[in-house]
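Engineer: What follows is a single structure, and I will ask about it in a moment.
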Amino acid sequence: MEEKLTVKVEDIKAGADEMVCPVQRALYYIEEFLKGPMCGRCFPCSFGTYEAKLRLHGIIQGEGKGDDVDALIRISENMSVSSFCRKGKETARYLKEYLDTGVFQVHIKGICPDAECMKYIRYKIIPDKCTNCGVCKTVCEEHAVSGQERKVRFQTGYPPFEIREDKCNCCGQCMPVCPTGAIVVTEKTTGRVITGKEQEVLV
Ligand code: SF4
Ligand code: SF4
Ligand code: SF4
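Take the sequence shown: its letters are residues 3 to 205, numbered as in my numbering.
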């Protein structure tokens, strides 16, 4: 029987490893594996990778549960022992490699250490550094930035600009254009600054 696609698992792995966060890498790998090399001839691989996809997707969406990591370890072990072919066994090895980084458990606690999972981060403006120039507002396609341009703050009573969390999609367009480095990325759960010119706790 002809394979659905001739993509090699090694090539998928190389593509996945262009990302930083191991959870993102694992989801990318599993999704691409399901699209192509996975042929469905054996249960440990076909059911295992499908369940892995659901669990990884949940973690990335900020809905990870306590048993997700154990389930992913079980899937990887089952596939390693019982997969019919090398593709399944290699997939098990890659999944184990990602799991061994330990950051899956950190995600379950609400933190993406690499700031790549958007559900775990927040873009924020440091009030004291904002000069109300308005540049960030002009580049934000989501209309997530609010504030009055070109007003002298405090003297005229205009507050610094703000990013509305409910509208921000974490695209990151605003951060590089801010002339004062007032825009930072913070951990949603702790408020700790993880990317930006400021290194301080904002809570
Ligand atoms: S392990 Fe091999 S044979 Fe089994 S479903 Fe995966 S790709 Fe197909
Ligand atoms: S670009 Fe920076 S300084 Fe200008 S309004 Fe936005 S946050 Fe404030
Ligand atoms: S990260 Fe993107 S969506 Fe969010 S405020 Fe900045 S430009 Fe707008």
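The C-beta atom is built at its ideal place from N, Cα and C for all residues, glycine as well. The structure presented is a predicted model; accordingly, all values stated were derived computationally and were not measured.
Give the DSSP-derived three-state secondary structure of methionine 3 in the structure shown.
Structural biologist: Interpretation of methionine 3 is limited by its pLDDT of 46, a score under 50 that renders its predicted location unreliable; the figure taken from the coordinates is listed afterwards. Of the three classes helix, strand and coil, the one that applies to methionine 3 here is coil, per DSSP.
Engineer: Quick one: which unbroken beta strand (DSSP E) runs of 3-plus residues sit fully inside the stretch 116-180? Chain order, please.
Structural biologist: Taking only runs of at least 3 residues, the beta strand (DSSP E) segments lying wholly in the stretch 116-180 are 123-127.
Engineer: How many Å lie between glutamate 33 and methionine 40 at the Cα?
Structural biologist: Whole-angstrom Cα-Cα distance: 10 angstroms.
Engineer: Any chance you could list the alpha helix (DSSP H) runs of at least 4 consecutive residues sitting entirely within the stretch 58-96, in chain order?
Structural biologist: 70-84, all fully within the stretch 58-96.
Engineer: Ligand 2 and cysteine 170: does any heavy atom of the ligand fall closer than 8 angstroms to the residue's C-beta?
Structural biologist: No; taking the cut-off as 8 angstroms, the Cβ of cysteine 170 has no heavy atom of ligand 2 nearer than that.
Engineer: Express the C-alpha separation of serine 82 and lysine 139 in angstroms, rounding to a whole number.
Structural biologist: Between lysine 139 and serine 82, the C-alpha separation is close to 51 angstroms.
Engineer: Using 8 angstroms as the cut-off, can you tell me whether the stretch 165-184 makes contact with the stretch 85-103, which would need three or more C-beta pairs spanning the two stretches below that distance?
Structural biologist: Contact between the stretch 165-184 and the stretch 85-103 is absent, because fewer than three Cβ pairs lie under 8 angstroms.
Engineer: Does the separation of the CB atoms of histidine 109 and isoleucine 62 fall below 9 angstroms?
Structural biologist: Taking 9 angstroms as the Cβ cut-off, histidine 109 and isoleucine 62 qualify as a contacting pair.
Engineer: Have a look at the DSSP bridge pairing and note the partners of glutamate 189.
Structural biologist: Ile123.
Engineer: Go ahead and pull the three-state DSSP assignment for arginine 43.
Structural biologist: Looking at arginine 43 - three-state DSSP - the assignment turns out to be coil, as it is neither helix nor strand.
Engineer: Output needed for threonine 133: all residues of its chain with C-beta closer than 7 angstroms, excluding positions within five of it in sequence on either side, in chain order.
Structural biologist: Cβ neighbours of threonine 133 beyond the five flanking positions: Thr182.
Engineer: Kindly list the residues whose CB is nearer than 8 angstroms to the CB of tyrosine 52, restricted to its own chain and excluding five residues on each side of it in sequence; keep chain order.
Structural biologist: Cβ within range, chain order: Leu36.
Engineer: Return yes when at least one heavy atom of ligand 2 lies under 8 angstroms from the C-beta of cysteine 132, else no.
Structural biologist: Yes, ligand 2 has a heavy atom inside 8 angstroms of this Cβ.
Engineer: Within the present structure, is the beta-carbon of glutamate 207 separated from the nearest heavy atom of ligand 3 by less than 8 angstroms?
Structural biologist: Given a span of 3 to 205 for the chain in the structure shown, any question on residue 207 remains unanswerable.
Engineer: To which residues of the same chain is methionine 21 closer than 8 angstroms at the C-beta, ignoring the five residues directly before and after it?
Structural biologist: Closer than 8 angstroms at the Cβ level, and outside the excluded window around methionine 21, lie Arg27, Tyr30, Glu118.
Engineer: With isoleucine 113 as the anchor, note down where its alpha helix (DSSP H) starts and where it stops.
Structural biologist: Neither: isoleucine 113 is in no alpha helix (DSSP H) and is coded neither H nor E.
Engineer: Kindly confirm or deny that the stretch 136-152 and the stretch 177-193 touch, where touching means at least three C-beta pairs closer than 8 angstroms.
Structural biologist: Contact holds: three or more Cβ-Cβ distances are below 8 angstroms.
Engineer: For a test of your reading of the model: does the CB of alanine 146 fall under 8 angstroms from any non-hydrogen atom of ligand 3? Yes or no.
Structural biologist: Yes; taking the cut-off as 8 angstroms, the Cβ of alanine 146 has a heavy atom of ligand 3 nearer than that.
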